[in-house]
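> To start, I am sharing the structure in question, which I have written as structure tokens.
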Amino acid sequence: MGKRVTLKDIAQAANVTTATVSYVINDTPGQKIAPETRKRVLRVARDLHYIPSSAARALRRKRSGCVGVVAKKNLAVPRFSQTIQGIQSELERNGLMVLLCTNKMKDNGLSDYLLAYYEGRVDGVIFLGKDNVGPDDASVERIGSDGVPFVTFDCQQSSDAFSSVDFDYRGGARLLAERVVERCPRRVLYVKPQMATAQEEQRGAGLHDVLDAHPHIELIEVEVPITLGNLDTWDLRYSVGITDEGEELTSAFMETILHASEPLEAGDAVIASWSGWTEPIRQLYRYRGIITAELANNGESHFHPDFYTRMPNFDAGVACADELLSRLDGKPVSARLLRLTNIVSPPALHDGYPQPAEAGIA
Numbered sequence: 001m002g003k004r005v006t007l008k009d010i011a012q013a014a015n016v017t018t019a020t021v022s023y024v025i026n027d028t029p030g031q032k033i034a035p036e037t038r039k040r041v042l043r044v045a046r047d048l049h050y051i052p053s054s055a056a057r058a059l060r061r062k063r064s065g066c067v068g069v070v071a072k073k074n075l076a077v078p079r080f081s082q083t084i085q086g087i088q089s090e091l092e093r094n095g096l097m098v099l100l101c102t103n104k105m106k107d108n109g110l111s112d113y114l115l116a117y118y119e120g121r122v123d124g125v126i127f128l129g130k131d132n133v134g135p136d137d138a139s140v141e142r143i144g145s146d147g148v149p150f151v152t153f154d155c156q157q158s159s160d161a162f163s164s165v166d167f168d169y170r171g172g173a174r175l176l177a178e179r180v181v182e183r184c185p186r187r188v189l190y191v192k193p194q195m196a197t198a199q200e201e202q203r204g205a206g207l208h209d210v211l212d213a214h215p216h217i218e219l220i221e222v223e224v225p226i227t228l229g230n231l232d233t234w235d236l237r238y239s240v241g242i243t244d245e246g247e248e249l250t251s252a253f254m255e256t257i258l259h260a261s262e263p264l265e266a267g268d269a270v271i272a273s274w275s276g277w278t279e280p281i282r283q284l285y286r287y288r289g290i291i292t293a294e295l296a297n298n299g300e301s302h303f304h305p306d307f308y309t310r311m312p313n314f315d316a317g318v319a320c321a322d323e324l325l326s327r328l329d330g331k332p333v334s335a336r337l338l339r340l341t342n343i344v345s346p347p348a349l350h351d352g353y354p355q356p357a358e359a360g361i362a
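Residues in the sequence shown are numbered consecutively from 1, following the UniProt record's numbering.
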């Protein structure tokens with residue numbers, strides 16, 4: 001690492017006094033700094049890759065005993081809470097604590113989590129991807145050049161700068177599809193969101209790997225109106241409940257999925273990309289004999305499908321913590337791919353219950 005940039009370096013490049021730079025960098029109250037001057041100083045600080053002096057001191061200190069976790073998702077969603085629980089459990093077992101961080105950019109051009117590292121508040125960072133999106137390019141460059149202990153999860157992004165933990169979505173989809181095909185359906189309805197993420201692309205590829213080898217099975221694909229733009233609204237059901245916007249979205253979802261499933265007959269199958277998405281079909285067409293399967297399930301469904309992939313979220317969190325601990329010990333970066341092999345087939349809902357004729361159901 002080269003010579004660290006000082007306030008004096010910024011002052012010379014911005015053609016202002018060192019005191020002015022200090023006022024701007026520290027956002028000192030009571031100082032009148034022209035907006036143009038403030039912008040110029042901050043721009044120069046970013047261009048010179050300035051790190052606050054407190055950070056420079058922190059780099060010479062001992063470890064903080066804390067690991068930053070970046071999570072831009074609704075933590076009430078079981079998938080993410082289970083992952084963070086796994087991270088926390090493994091870190092606590094090794095005497096470390098968790099500090100939740102954001103990836104917002106500060107005025108000095110540093111992301112919140114990198115600033116936390118440079119200031120010595122965390123010893124390393126675990127970055128949970130938001131819809132398979134990882135850290136920005138500028139942060140990745142700093143992570144690599146400064147040797148920041150860093151692990152990404154579910155970003156589908158490999159790099160020489162950091163370690164990564166990802167799910168094998170394609171392999172998981174392939175295994176589930178094979179189980180469904182064993183039931184010999186004539187049609188398979190594939191329900192997916194309107195998203196072009198790496199996760200959805202890999203799931204679709206895994207499904208086609210299997211069904212393309214069985215051309216006699218008709219594949220029907222339908223996109224429900226869940227997008228990256230309204231996903232946060234959809235996820236609010238896990239925390240504050242279904243909002244007015246969420247109610248409208250749910251109605252559109254139900255209308256789409258039920259309309260698409262109307263032509264299905266006994267022995268046909270529905271494979272949904274997300275947890276709980278086959279539940280409307282199971283409730284409405286309970287005795288029609290439709291096979292239901294979900295490519296991801298976190299254990300929150302009220303009525304389980306015939307097959308589902310149990311996502312190893314807790315284990316993924318443990319793996320992330322393990323990779324971060326490895327980096328803290330000075331070991332090289334690595335990429336870990338978690339196989340999705342836990343295909344669960346719960347007992348049928350009607351097992352032990354009266355069948356339609358017995359119960360007087362037409």
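For every residue, glycine included, the Cβ atom is placed at its ideal position computed from N, Cα and C.
Please read these numbers as outputs of a predicted model, since none were measured by experiment.
So who's on the other strand from T152, going by DSSP bridges?
Counted from its first residue, the sequence shown places residue 152 at position 152. According to DSSP, which records beta bridges pairwise, T152 is partnered with F127 and S164.
> Using CA atoms only, rank isn't needed, just tell me which of N26, A161 and V77 is closest to Q297.
As a working mapping, residue 297 is identified with position 297 in the sequence shown. For the sequence presented, residue 297 should be read as Asn rather than Gln. Per the Cα distances, V77.
> Could you tell me the alpha carbon to alpha carbon distance between W274 and I10, rounded to whole angstroms?
Within the sequence shown, the letter at position 274 stands for residue 274. Within the sequence shown, the letter at position 10 stands for residue 10. C-alpha separation (whole angstroms): 50 Å.
> If contacts are defined as beta-carbon pairs under 8 Å, then V210 and V181 qualify, I think. What distance do you get, rounded to the angstrom?
Taking the first residue of the sequence shown as position 1, residue 210 is located at position 210. Taking the first residue of the sequence shown as position 1, residue 181 is located at position 181. Right, the Cβ-Cβ distance comes to about 6 Å (below 8 Å), so this counts as a contact.
> Helix, strand or coil: how does DSSP classify P263 here?
What you label residue 263 is simply residue 263 of the sequence shown in a count that begins at 1. P263: coil per DSSP, three-state reduction.
> Kindly indicate the opening and closing residues of the beta strand (DSSP E) around residue 384.
Since the first residue of the chain shown is 1 and the last is 362, residue 384 is not available in this structure.
> DSSP puts V191 in a beta bridge; with which residues?
Here residue 191 is taken as the residue at index 191 of the sequence shown, counted from 1. Its beta-bridge partners are V222 and A272.
> Under the three-state reduction of DSSP, which class applies to A34: helix, strand or coil?
Here the question's residue 34 lines up with position 34 in the sequence shown. It is coil, neither helix nor strand.
> Please state the DSSP three-state secondary structure of G317.
The sequence position of residue 317 within the sequence shown is 317, counting from 1. It is helical.
> Can you say whether E245 is buried or exposed, counting buried as having 16 or more other CB atoms within 10 angstroms of its CB?
Sequence index remark: in the sequence shown, residue 245 carries index 245 (1-based). With fewer than 16 Cβ atoms within 10 Å of its Cβ, E245 is classed as exposed.
> Using the DSSP secondary-structure output, state which residues sit across from E309 in a beta bridge.
As a working mapping, residue 309 is identified with position 309 in the sequence shown. Reading the sequence as shown, one finds Thr at residue 309 and not Glu. Per DSSP, I343.
> Specify the secondary structure class of L75 as computed by DSSP and reduced to three states.
Sequence index remark: in the sequence shown, residue 75 carries index 75 (1-based). If DSSP states are grouped into helix, strand and coil, L75 belongs with coil.
> Please report how far the alpha carbon of A335 lies from the alpha carbon of S89, in whole angstroms.
Taking the first residue of the sequence shown as position 1, residue 335 is located at position 335. Taking the first residue of the sequence shown as position 1, residue 89 is located at position 89. Roughly 21 Å separates the two Cα atoms.
> Three or more C-beta pairs closer than 8 Å, one from the segment 167 to 184 and one from the segment 277 to 289: is that the case here?
At 8 Å Cβ cutoff, the stretches do not touch.
> Would K130 pass as a contact of K73 if the rule is Cβ separation under 8 Å?
Counted from its first residue, the sequence shown places residue 130 at position 130. Counted from its first residue, the sequence shown places residue 73 at position 73. Yes, the Cβ-Cβ distance between K130 and K73 is below 8 Å.
> Quick one: what's L337 bridged to in DSSP?
To locate residue 337, count along the sequence shown from 1; it is residue 337. D166, per the DSSP bridge assignment.
> Please return the same chain residues whose Cβ sits closer than 8 Å to the Cβ of R170, not counting the five positions on each side in sequence.
Within the sequence shown, the letter at position 170 stands for residue 170. The residues are Q202, R203, A205, G206 and D209.
> Have a look at S64, L295 and V125 and flag the residue whose alpha-carbon is nearest the alpha-carbon of E200.
Here residue 200 is taken as the residue at index 200 of the sequence shown, counted from 1. Answer by Cα proximity: L295.
> With DSSP as the reference, please indicate the residues paired to residue 396 in a beta bridge.
Any question about residue 396 goes unanswered here, given that the chain covers just 1 to 362.
> Give me, in chain order, the residues of the same chain whose beta-carbon lies closer than 8 Å to that of A116; leave out the 5 immediate sequence neighbours on both sides.
Within the sequence shown, residue 116 is the residue found at index 116, counting from 1. G68, L99, C101, V122 and V125.
> Is DSSP giving V44 helix, strand or coil here?
Start at 1 with the first residue of the sequence shown, and residue 44 comes out as number 44. Helix.
> Please return the same chain residues whose Cβ sits closer than 8 Å to the Cβ of Y23, not counting the five positions on each side in sequence.
Translated into positions along the sequence shown, residue 23 becomes position 23. For Y23, where only same-chain residues beyond five positions count, the Cβ hits under 8 Å are Q31 and I33.
> Going by the beta-carbon positions, is the gap between I281 and I257 smaller than 8 Å?
Here residue 281 is taken as the residue at index 281 of the sequence shown, counted from 1. Here residue 257 is taken as the residue at index 257 of the sequence shown, counted from 1. Closer than 8 Å, so yes.
> Can you tell me whether T20 is buried or exposed? The criterion is at least 16 other CB atoms within 10 Å of its CB, across all chains shown.
Counted from its first residue, the sequence shown places residue 20 at position 20. Answer is buried; the Cβ neighbour count reaches 16.
> Roughly how many angstroms separate the alpha carbons of R60 and F127, rounded to a whole number?
Residue numbering aside, residue 60 sits at position 60 when the sequence shown is read from its first letter. Residue numbering aside, residue 127 sits at position 127 when the sequence shown is read from its first letter. For R60, the pLDDT reaches just 44, beneath the cut-off of 50, and the residue's location in the model is therefore unreliable, although a value from the coordinates is still provided. Near 24 Å, if we compare the C-alpha coordinates of F127 and R60.
> How about the segment 308 to 326 and the segment 152 to 166: do they share at least three Cβ pairs that are nearer than 8 Å?
The segment 308 to 326, when compared against the segment 152 to 166, does touch it at the 8 Å Cβ threshold.
> Which of helix, strand or coil does DSSP assign to A213?
As a first step, residue 213 must be located in the sequence shown, where it is residue number 213. It is coil, neither helix nor strand.
> Please determine, among Y50, A173 and V151, the residue with the shortest C-alpha to C-alpha distance to K331.
Your numbering for residue 331 matches position 331 in the sequence shown. Looking at the Cα atoms, V151 is the closest of the given residues.
> Would V224 be called buried (16 or more neighbouring beta carbons within 10 Å of its own) or exposed?
The count along the sequence shown starts at 1 and reaches residue 224 at position 224. Per the 10 Å Cβ criterion, buried.
> Would you check if the distance between the CB atom of M97 and the CB atom of G120 is smaller than 8 Å?
Your numbering for residue 97 matches position 97 in the sequence shown. Your numbering for residue 120 matches position 120 in the sequence shown. It is not a contact, given that the beta carbons lie outside the stated cut-off.
> Am I right that S251 and Y285 are in contact with their C-beta atoms under 8 Å? What's the rounded C-beta distance?
Mapped onto the sequence shown, residue 251 falls at position 251. Mapped onto the sequence shown, residue 285 falls at position 285. So it is not a contact: roughly 19 Å between Cβ atoms.
> Reducing DSSP to helix, strand and coil, say where S145 ends up.
Within the sequence shown, the letter at position 145 stands for residue 145. Here S145 sits in helix by DSSP.
> Does DSSP classify S111 as helix, strand or coil?
Taking the sequence shown and counting its residues from 1, the one referred to as residue 111 is at position 111. In this structure, S111 counts as strand in the three-state DSSP scheme.
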